[in-house]
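Residue numbers (this note's numbering): 39 to 141.
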Amino acid sequence: MNNAPKSEHTWTEQIEIAGNELVDRFKKLVSEGNVRRVTLRSPDGRLLLEIPLTAGVAVGGVVTVFAPVLAALGAMAALLAKVKVDIVRAADDEPPQKPKQRK
């Protein structure tokens with residue numbers, strides 16, 4: 039019997055979105071359930087905010103639990119035209135496959 043904790047495999051994707059989409063996109067990411075961490079960066083790559091998310095965050099409690107985070111995101115959205123978002127996901131879902139190039 040092996041009681042060693044399982045290591046969780048993760049993968050990261052990076053998207054760039056308009057500042058005014060930031061709060062809505064964050065709510066959507068949290069509700070997906072497989073997101074473990076969200077990192078916000080300026081267009082030049084400077085770290086702005088890192089938000090760890092625990093597994094099993096109740097979708098109904100997103101607004102209540104993350105109210106301070108959502109307020110900070112709203113303030114950032116007002117100041118930034120674009121923001122880079124690094125999304126760390128649990129490996130339950132495989133990363134999207136790049137299409138194979140024909141030779």
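No residue lacks a Cβ here, since even glycine has one placed at the ideal position from N, Cα and C.
Inter-residue Cα distance where the pair is residue i and residue j
i: R127; j: A110; result: 22 Å
i: A116; j: L60; result: 10 Å
i: A129; j: E70; result: 13 Å
i: G83; j: L118; result: 13 Å
i: F104; j: S80; result: 21 Å
i: P106; j: I125; result: 20 Å
Cβ-Cβ separation, residue j to residue i (assumed contact under 8 Å), whole Å
i: R74; j: I89; result: With 8 Å as the limit, R74 and I89 do not qualify as a contact, their Cβ atoms being about 10 Å apart.
i: L85; j: V68; result: Contact doesn't hold; Cβ gap of about 20 Å is too wide.
Sequence-distant residues of its chain with Cβ nearer than 7 Å to residue i (five each side left out)
i: H47; result: A129
i: G112; result: V61
Cβ-based neighbour list, residue i, same chain, cut-off 6 Å, excluding 5 preceding and 5 following
i: N58; result: A115
i: L87; result: L78
Beta-carbon gap between residue i and residue j smaller than 8 Å
i: Q145; j: V123; result: Coverage of the chain is limited to positions 39 through 141, which leaves residue 145 absent and any answer about it impossible.
Cutoff 8 Å; reference residue i; Cβ partners in own chain excluding five residues on either side
i: I55; result: R63, K120, V121, V123
i: L108; result: V61, F64, K65, V101
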